[in-house]
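Colleague: Got a structure for you, written out below as structure tokens; questions coming shortly.
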Amino acid sequence: MPLSVQTRREKQKAELRSELVDAAHKLVQEEGYEGLTIRKLAKRVGYAPMSVYSYFADKQDILFALAEDAFETLAKRIEDHPADDPIEALQVVMTEYAAFGLGNPNEYRTIFMTEKVKPPEGKSFAD
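Structure follows, in structure tokens:
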């Protein structure tokens, strides 16, 4: 198979995975953890439920992807406010976590307050 075809397929797969993660974010924001189901997620993006399993092993895998996104967003927001003083740096971190939680209460609860969000075997949030 030519490299360009393989590259195009990989790009399409990455785009659909990103679309699924975006749809999962919206479902959690609207309906909370309980509202996120494979069936609802598939319906939202217009695919069969079994198609979701080509990108995620299960609901926990989707939650891990949501958590990774949230941590990336928080890291960027914290980096936007560099601080030389350790106390000020801690205040920035606390402020950004609080702002994220207040702006996204269902997502915050899902990611930070459920034991369901655990990295898959062999992965960590730092990867």
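One gets this note's numbering by counting positions in the sequence shown from 1 and adding 1004 to each.
Every residue, glycine too, gets a C-beta built ideally from N, C-alpha and C.
Report the rounded CA-to-CA distance for Gln-1010 versus Ala-1093, giving the unit in angstroms.
Modeller: Along the sequence shown, one-based indexing puts residue 1010 at 6. Along the sequence shown, one-based indexing puts residue 1093 at 89. Straight-line Cα distance between these residues: approximately 44 Å.
Colleague: Quick check: what's the CA-CA separation for Arg-1012 versus Arg-1021?
Modeller: Within the sequence shown, numbered from 1, the residue matching residue 1012 stands at position 8. Within the sequence shown, numbered from 1, the residue matching residue 1021 stands at position 17. In a straight line, the C-alpha of Arg-1012 is about 14 Å away from that of Arg-1021.
Colleague: Are the CB atoms of Ile-1115 and Ala-1074 nearer to each other than 8 Å?
Modeller: Numbered from its first residue, the sequence shown carries residue 1115 at position 111. Numbered from its first residue, the sequence shown carries residue 1074 at position 70. A contact, by the Cβ cut-off of 8 Å.
Colleague: Return the chain-ordered list of same chain residues with a C-beta closer than 8 Å to the C-beta of His-1029, the five sequence neighbours on each side being excluded.
Modeller: Within the sequence shown, residue 1029 is the residue found at index 25, counting from 1. The residues are Leu-1070, Asp-1073, Glu-1111.
Colleague: Alpha carbon to alpha carbon, how far is Val-1096 from Ala-1079?
Modeller: Locating residue 1096 in the sequence shown gives position 92, where the first residue counts as 1. Locating residue 1079 in the sequence shown gives position 75, where the first residue counts as 1. The alpha-carbon atoms of Val-1096 and Ala-1079 are separated by roughly 11 Å.
Colleague: May I ask which residues mark the beginning and end of the alpha helix (DSSP H) holding Pro-1086?
Modeller: For the purposes of this step, residue 1086 is taken as residue 82 along the sequence shown, with counting starting at 1. Neither: Pro-1086 is in no alpha helix (DSSP H) and is coded neither H nor E.
Colleague: Classify Ile-1091 as buried or exposed, calling it buried when 16 or more other Cβ atoms lie within 10 Å of its own Cβ.
Modeller: Counting from 1 along the sequence shown, the entry for residue 1091 is found at position 87. It is exposed - the Cβ of Ile-1091 has fewer than 16 other Cβ atoms within 10 Å.
Colleague: Would Ala-1061 and Ala-1052 be called neighbours here (beta carbons separated by less than 8 Å)?
Modeller: Position 57 of the sequence shown, counting from 1, holds the residue named residue 1061. Position 48 of the sequence shown, counting from 1, holds the residue named residue 1052. It is not a contact, given that the beta carbons lie outside the stated cut-off.
Colleague: If Lys-1063 and Leu-1040 are in contact, beta carbons under 8 Å, what's the gap, nearest whole angstrom?
Modeller: Counting from one through the sequence shown, the residue named residue 1063 turns up at place 59. Counting from one through the sequence shown, the residue named residue 1040 turns up at place 36. Going by Cβ atoms, the distance from Lys-1063 to Leu-1040 rounds to 7 Å, so yes, they are a contact pair.
Colleague: Are Val-1056 and Leu-1106 touching if we call contact CB-CB under 8 Å?
Modeller: Translated into the one-based positions of the sequence shown, residue 1056 becomes position 52. Translated into the one-based positions of the sequence shown, residue 1106 becomes position 102. Contact flag unset, no.
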